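Chains as they are written, first to last, in our numbering: chain A, 1 to 481; chain B, 482 to 932; chain C, 933 to 1463.
Structure first, then comments.
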Amino acid sequence: MIRLRPLRAGLRLRANSIVAVAALAALAAPALAQKPASREILIRNATVMTVTKGVIENGSVLIRDGKIADVGTSVKASADATVIDAAGKFVTPGVIDCHSHIAVDGSVNEGSFSVTSMVRIADVIDSSDSGIVIGLSGGVTMANVLHGSANAIGGQNAVIKMKPNRPAGELIYGNAPPGIKFALGENPKRSNFQANPARYPRTRMGVENVIRDAFTRARDYREVWARYNADVKAGKKRVAVPRRDLELEPLVEVLEGKRLVHSHCYRADEILMLIRVARDFNFRIATFQHVLEGYKVAPEILASGAGASTFQDFGGYKIEAFDATPYNTAMLWKAGILVSLNSDDGERQRRLNTDAARAVRYGGVPEDEALKMITINPAKQLGIDRWVGSLERGKDADVVIWSAHPLSSYAVAEKVYVDGNLEFDRAVAIRDAEARRAESKRLVEQEKADKSAKPNPDAPRTAPAPRHGLHHDDACEGGGE
Amino acid sequence: MKRRMSVRVAAVCPLALLALPLLGTAALGSGPAAAESYVIENARLVTVSGPAIEKGSIVIVDGKIAAVGATVTAPAGAKRIDGTGLSVYPGMIDAASRLGLVEVGSIAATNDASEIGDIKPQLRAFESFNPANEFIPMARINGITTAVSTPGGGLIAGQVVVADLDGYSIEQMAIRPSAAMALSFPSGVGGESFDFATFSVKRSSDSDARKAREKRLDDLAGLFDRARSYAKAVKARASDPTLPPLEEDLGLAALEPVLSGQLPLFVAANDFRDVKRAVEFCEKQNVKMILRSDASFGPFDLAAVASFLKEKKIAVIFGPMYTLPSDEDDRYDMPQQAPGALARAGVPFAFASEDSAMAKDLPYQAAMAVAYGGLSKDDAIRALTLWPATIWGVADRIGSLEVGKQANLFVTNGDPLEPRTDVKYLFIRGRNIPLVSRQTQLYDAYKSRVP
Amino acid sequence: MNVGFARKACVLVCSLDVWAITGARIVPVSGPPIEKGTIVVRDGLIESVGAATVAPADARLIDGAGLTVYPGLIDSFAFVEPETKPDGPPQGQPRAPDRENPPGVTPQREAIDLVKNDARMEGLRAAGFTSMLAVPKGGVFRGQSVLVNTSGASGWAMTVKSPVAMHLSFEPQGGFAQYPGSLMGVFSVIRQKMLDATQYRQLREQYASSPAGLRRPTFSREYESLIPILDRSLPISFEANRDREIARAIKLVDEFRLSGTIAGGREAWKVAADLESRRIPVLLSLNFPEAPMDLDPETREELKDVRDRLEAPACAAKLAKAGVRFAFQSGGIRSPKQMLTNAAKAIKAGLPADAALRALTLSPAEIFGVSNQLGSLEPGKIANLVVTSGDLFDEKTKVRFTFVDGERFEYKDEPAPMPAESAAVDVTGTWEIEVTTPDGPQKATLEMTQKGNSVTGMFRTEMFGSSEVKSAFVSGKKLTVNVMLNIGGNPLDITFAGDVEGDTMKGTSSVAGQGSMSFTGARKPKGGKLR
C-alpha cells in the first residue's frame, strides 16, 4: 500500500499534544496575549463586505468559538461579548495570498534536481518569521506557502493560517488539500543563473520532457504498487515489497486528483504545453501562477479548468515577464476564468488590497469581483472555500477591520482576526515595538551589570538571522521563487 | 494601426520582443511636434505652489502654462478640454529613477545603469538614456512626466540626468543633462549580508565595517584632493600657456563641478550613523549634498534624524516605500514613517522609484507614507512635484501649475494616489501625450481574441 | 618544588592498583553525601564506599581530608572527526547531485573507529571528566556514537558502550546545486532513507525466513546500521536547538516511532511538555550563546537575540521542573573547565546544584543505558571518580585526582607565573648541559635563541632523542626551560631552572612528579655551526 499523507497524520498528532506548549510559547513571545477563542466578539456599525452575500451598511459580524456566528444588520450577541464599534470602518474576510514564500526556514528552493517533489514546505515552517506579521498588517490571514520555482516539478506546499509565533502544526491548515509547485520557463531552465554543474533542462522543450518523464515514472510506480497489493491480496507470499519513493508518491497523488498543481508560468506557449501534458496524463491543473501572458491564451486556460493566480501589475523584470500588462486580470476574468491576485513577495503581500483596486482601473473589473480575487477566489483555488474566503455564518472567523475602503490606497488594516483570535492590532503592534526596544535595552543593561565571567571563546554569538527577505520570484536570480 | 501590428508580430514570435524596444515603438506617435494651444476648463486645479483652485481653467500655449485661474482667457484656436469633475496636477517627478536606463532587469544586454568599476565620475546617465524605453509610456499613464535617471554601481557611479519623459532624443528631453554626482556612501555599520558568490551569509563587525569605511573615505578624500589639484593645474594653464602640457584626466575633470559647488553629491546612505558621517564628510570637503535614503535610518528616533537633517539643510530623496523595517523590533511600518517625520520637521524630500519597470508605482508608494506614516496628502503631492523640482534645481521650469512654467501636467478623475483613479490627459511641454503604452497595446491586441 | 609553569603535571603511578581515599567528603549522587567517608578502588572498580568503610591493608592511601569525591564527569556529546572527510567531492570538478546516495548519509560510520586517547582526553581528565560520548562529525546521518572513558590504550580499550545512538543533524549538505541543498531536502533524505531501510529489513526478513523463489537482497552496511533504529533497539539523536527544530525532530520520532534523543536543546524548555510526554531526553549543550563581540554601542540588538542568550542558562532548570530528562554536553566548548563554569551559570539560573551534578554523572549514564556501570559512587561500578579541593561548581575549586577505570591521575597547583622582570642576560647559543642523577651524570644539549624574555630552541640527548623546547623564558638572570621527551611512549616532562652567569649556568632540573636534580650548563664558543 502506498500510504498517503503520512505527514499530515503526524501533524495532527502533534497539534493535539502541543496545546500546553502554546501557553508557554505565548509567555515567551512578545505577541498579543491569546485570549481563548470561545468568547464572543461583536464587530458592529461597520460597512460589512461579505464578498459572497453583498455589502451590508451598518452591519455586524459576530465571532464565536473561532467561527463566524452571524453576519447582518441585527445580530444578537451575549452580554459578555467583546464589542467593537467599527463605525466608519470596513470589514472584510481575511485576505488569502495564493502564492507566498514567507515563514520558511532555509531555502525555499531545493535547487539540486529538476524534480524535487519529495520536499515539503510543511517540514520547515517558521512561525517566528516577521513576514507573518507583515502579511497580517495588510489583512492577510492565509497564505499558500509554495516551494520556489527552480525546478520543473518543485516541492509540496503548505497552506497556512497567519498565526505568528505558534507551533508550526497550528499554522498548517488541515482542511486544505495538499498541493505541489510546478515551474515553467526561465527559472527551471536556470536562465538567469549559472548552475554548476549544469542542470538539465536548458530549454522549454526540456522542461516539458522533465515533467512528462516524471509522470511516466509515477504511472509506472503506481502500477508496481497496484500489482504488489493485488498479489498480497491474492495471498501470494513470494512477492518482494517494492520501494516507496517519496519523489513519485506526490505525483501519483496528482494523477489520482488528490494533490493540487500550482504551476509557475509566464509565457503563453508554456501554459499551453502544461495543459497538453496534463491532458495526456489526465490530471487537472489547479492554478497557473503568475501567468502573465495568460490573457493570450485565456480560452485554452478556461477550457482546461485551471484557475489563474496572477500579479496584478508587476512585470518587465525579465524577458518572459515583458509582455505583462495590468489588463491581464480583467481579460482572464472576462474570459470566465477563476482569478486570484497573489504577492509572491513578503512586502507586496500587505498591499494585495490595492492590487485588487488596480484590477478595477485596468479593464474595469467590478469592485466586488476585484475583492473576490483576494478572498473567495483564492480560497476556491486552494479548495478551502467551504471554510474561508467570505463572511458567512459557520466559516472560520478570519476577519479584517479596515480604516477605509479596502480598495483605497489609504486603507490600513486595524484589526485582524484569525480563527477568532486577534492576531494583529495596529495599535498594539506599534506599542509592542516600543516595548521590545525598551525591554531589549533593559536586558542588555542587566546583562552588562552582572558581567562577571570571562567570555567563552567558543560560545555561539547571538546575531540577527538573515532576514527572510528574498520572498519574490526574481529577487534571487539563482533561486527563483 | 501600425503599432497594433507590431504587437501581433510579437505574440507570434516572442523573440521579436527583444528587438521591440530597440525599434523604439514606444516613441512612435509621440515626440515633440508643433505645440498646440489647449485650455482645460472647469477643472479642479491643484497648483501645488498655491492653494487649489476648485473650479478653474488652465491655458497651455507654446509648451508653457500661459494662464491658471478661476477665469482665464484662452487664445483663439486653443483646443478645449472639458475638465468638469476632473483635477489637474503638475506632472510627477520620479526623483531617482532607472527610466531610460534599464529595460529588462535580468538581461545585462538591456541594462545601461550600472557600469563596472568603482570610481566613474565621468559617466553620464545622459549618454545611456534610451528615449524609447518601454516603461516611459507606462510611467506617463500614471502621471509621471519627469525622471531623474541615476546610474548605479561602485562608489562613484556617475552623473544623474533630469529628463522630461517625452522626446525623440535625450537632447530634447533633458532639463539638466547633469544634475548631481551619485555616490554610494560606504557603510560603517557591520551586519550580515548574503553573498551570492558563495551562497552564504557574510558577517562583519561594527568596528571592522567602520575601519573599512574610514579607509574608503580616506581614499575618496585623496581623490578629491587630486581633482582639486588637477582643476588648479588646468586653470593655471588657461592663464599661462607657457606651462608644460597637462595630461587630461576625464575622471578628475568631471569632479571639478562637484568640488566647486556647482554640482551636488547625491549620497546614498541609510543608517543614521552613516548619514551623519556623510554630512560630516561633505562639510569637510565643502561640497553640496543631497541624501538618498531607503527610509530605514537604523536604530534611531526619527525625530532626531529629522532635526539633524533640518539643521544641516539636507534634502532627502526616499527610495521605494515598498520596503520593510530593517530590524524586527521596529514597528512594522517603520520606513513609511520617515517621510511624515521629515515633513513635520520641515525637511524637503521627494519620492523615488529607483526602478524602471516599477516607476509607474510612484504615486502609490507615496500613498503608503500617507496611509501609515501620517504624511498629509498635500505634502505627498508636493513630494512628487514641487519638492523634487526644487531639490533638483528645476523648479523654475517644472513642479507646479504656474504661469511661465513648462506645461508638464496631468488630468485625473480623482486622487492620483488612489489606484482606482484614471489619468485622462497628460501633457509634457504642452504636448498632449497619447496615453498608450506597450501594456495598453497588448490589451487592445488581445482583448477580443478571435478565435 | 618547581614543576613547570605552563601546564599541569600529571603522573601515572599504577594502572591496576588498590587505592583508598580516606576521610573525604563523598558525593555518590545515587544517595546523600557522606560528610566523612572512605572509598576504595580495586582493579578498576569501586570496591566499597561509605562512612564506615575501612581502607584495606593492601590499599595505597590518599588522605582525603578537605577533599571531595564525586563520580567522574561525563561529557554527553562531543564530536570526533575522521582523518579524512567522507564523501568529499573530487577536487576541481563539481559533482552532479545524487538522489540515491546524497552526501552526508553515513549511518554506518562508527565513532569507535575515530576516537583515541589524545591530548583532548588528557584535558578532559584534568578537569574531572572521565567519560565522553564521541559522535562522528559531519553529515545528516552522522553515524553512531561511542561512550568512552577518557583513558586507555586505544579507542576500543576506552570504550564503555558502542554504539550508543545514531546521530542526525538537519544541516543541508549540498549548497545550491547539491542534494540536499535545502533544509526541506534534509527531511526528504531522512524520510527516504528510513523508508528504504524499512523495505530492506522487510526483504531481508522475508528472505531469511524462506529464501526459495526470491532474489537474494543485496547486503548494505548503510541499511544494516539503520535497522536497529527502526527496531528501537538503538536510540536516534537529533541535533536541534530552536524550539521549531526540536518540534521537527519530534515529528520524525512520531512518524517513524523512534526512540528519540535531542542534542543541543537550547530552546527545549519551550517544548518541554512534548519532550516529557514522549520521554525524550535532552543532551543539553552548556555552550550558551553570548553577546556579539565588538558591537557598536549605538547598535540596538533585537530583543529575541538578547533573550536568546539570557534564557539559555535557564533551560536546564525549566527542563528539570518539567520532568524532562537531560544531561549536559560540551556543545563545542573546547575547555572542559568552561563546561563547569557554564554549569554554574545554569545553577545560578535556578537549577539545583545536585541536579547539575546529576546531569554530568548519573543522568547521562541512565540516558546511555550504562547506569549500572557509571554515573555514581556505588560498589561494583567502574572506578571513575574525580577528587576535588572543594565544591565542583566553585570557580576556585581544583581537581586533585581523577580516576579513570581505576587509573589514578594526580594534579597539582600551577605555580604562580614568573615575575615579568626584563631579561638581564641573553642565553642565545648552544649550551652543554650536565645533570647529576643517582645513576651518574647525564649529558644533553640546549640550543636556544632569545628574543626579549622569550626563548625558543631544541633540546637534544643521546639516549632519549631530541625535542623542541616546549616553553622557555628569561626573567632577570633566571632561565626556565620546559621540555617534553617521549620515552617509550611515555611523556617525560622536564623543567630546567637555572641562574645564568656569562656563559655558564647552574640550577635544578625537575622531572614532573619525580623530584629534582641539580644541573650545570656551559655555552659553546660562538662561531660554531649554529651561528
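Positions of the beta carbon are idealized from the N, C-alpha and C atoms, including for glycine.
Fair warning: this is a prediction, and the values are worked out from it, not measured in the lab.
Task: Amino acids of chain B, ordered along the chain, whose beta-carbon sits closer than 7 Å to that of LEU1227/C - done: ASP687
Task: Cβ of GLU1230/C within 8 Å of any chain B Cβ - done: yes
- [ ] Could you check the C-alpha separation between LEU731/B and SER440/A for me, to the nearest Å?
- [x] 51 Å
Task: Cα-Cα separation between LEU338/A and ALA1278/C, rounded to whole angstroms - done: 58 Å
TODO: Output yes or no for whether 8 Å exceeds the beta carbon distance between TYR200/A and SER114/A.
DONE: yes
Open item on the list: Can you find the residues in the same chain that come closer than 7 Å, C-beta to C-beta, to GLU208/A, ignoring five residues on each side of it along the sequence?
Closed with: MET273, VAL277
Task: Whole-angstrom distance between TYR803/B and TYR853/B, CA atom to CA atom - done: 12 Å
Open item on the list: Quick test of your reading: ARG358/A and GLN312/A, contact by CB under 8 Å. State the CB separation rounded to the nearest angstrom.
Closed with: 5 Å
Open item on the list: Is THR462/A close to chain B? Criterion is C-beta to C-beta, closer than 8 Å.
Closed with: no
Open item on the list: Check whether the segment 662-669 of chain B and the segment 624-643 of chain B touch, using three or more Cβ-Cβ pairs below 8 Å as the test.
Closed with: yes
Task: Residue of GLU1394/C, ALA1200/C, PRO1014/C, ASP1045/C minimising C-alpha distance to PHE1256/C - done: The displayed chain sequence assigns Val, not Phe, to residue 1256/C. Closest option to VAL1256/C, Cα to Cα, is ALA1200/C.
Open item on the list: Tell me the residue span of the beta strand (DSSP E) that contains GLY179/A.
Closed with: 179-183
- [ ] Check whether the Cβ of GLY1307/C lies closer than 8 Å to any Cβ atom in chain A.
- [x] no
- [ ] Would you tell me roughly how many angstroms separate the C-alpha atoms of ASN45/A and PRO460/A, rounded to the nearest one?
- [x] 54 Å
Task: Under 9 Å from the C-beta of ASP903/B: neighbouring residues of chain A - done: ARG361
Open item on the list: With a threshold of 8 Å between beta carbons, is GLY383/A in contact with chain B?
Closed with: no
Open item on the list: Using only CA atoms, which one of ARG561/B, ASP877/B, ASN894/B lies nearest to LYS905/B?
Closed with: ASN894/B
Open item on the list: Per the DSSP calculation, ASN144/A is bridged to which residue(s)?
Closed with: VAL159/A
Task: Cβ pair LEU740/B, VAL768/B closer than 8 Å - done: yes
Open item on the list: Does the CB of TYR906/B have a neighbour CB from chain A at under 8 Å?
Closed with: no
Open item on the list: VAL1318/C and LEU1079/C - do their beta-carbons sit closer together than 8 Å?
Closed with: no
TODO: Give me the Cα-Cα distance between VAL1001/C and THR1320/C, rounded to the nearest whole angstrom.
DONE: 6 Å
Task: Cut-off 8 Å between Cβ atoms - residues of its own chain near MET1416/C, not counting five sequence neighbours on either side - done: SER1399, LYS1402, PRO1423, LEU1424, ASP1425, ILE1426
Task: Segment contact flag, the segment 329-345 of chain A with the segment 355-369 of chain A, C-beta cutoff 8 Å, min 3 pairs - done: yes
Open item on the list: By DSSP's criteria, ASN751/B is part of a beta bridge. Which residues make up the other side?
Closed with: In the DSSP output, where bridge partners are listed per residue, ASN751/B has none listed.
Open item on the list: Based on DSSP bridge pairs, tell me the residues matched to GLN887/B.
Closed with: LYS545/B
Open item on the list: Taking its Cβ as the centre, do 16 or more other Cβ atoms sit within 10 Å of THR203/A, making it buried, or is it exposed?
Closed with: exposed
Open item on the list: So with CB distances below 9 Å, who are the chain C contacts of GLY316/A?
Closed with: Residues of chain C passing the Cβ test: none, with the nearest at roughly 26 Å.
- [ ] Could you check which residue in GLY1145/C, GLY1430/C, ALA1252/C, ARG1123/C has the C-alpha nearest to that of VAL1203/C?
- [x] ALA1252/C
Open item on the list: Pairs of beta-carbons, one from the segment 949-964 of chain C and one from the segment 906-917 of chain B, closer than 8 Å: are there three or more?
Closed with: no
- [ ] Using a cut-off of 9 Å between C-beta atoms, extract the partners of LYS1236/C located in chain B.
- [x] GLU809, ASP810
Task: Burial state of MET373/A (16 or more Cβ within 10 Å) - done: buried
- [ ] Use the C-beta contact count for TRP951/C: other C-beta atoms within 10 angstroms, 16 or more gives buried, fewer gives exposed.
- [x] buried
TODO: Would you decide whether LEU503/B is buried or exposed? Buried here means 16 or more other CB atoms lie within 10 Å of its CB.
DONE: Low confidence applies here, because LEU503/B scores a pLDDT of 37, under 50, leaving its location unreliable; read the following figure in that light. Its Cβ having fewer than 16 others within 10 Å, LEU503/B is exposed.
- [ ] Could you tell me whether the Cβ atoms of VAL133/A and TYR813/B are closer together than 8 Å?
- [x] yes
Open item on the list: Quick check on the burial criterion: 16 or more other C-beta atoms within 10 angstroms. Buried or exposed for PHE1165/C?
Closed with: It is Ser, not Phe, that sits at residue 1165/C in the sequence shown. Exposed is the call here.
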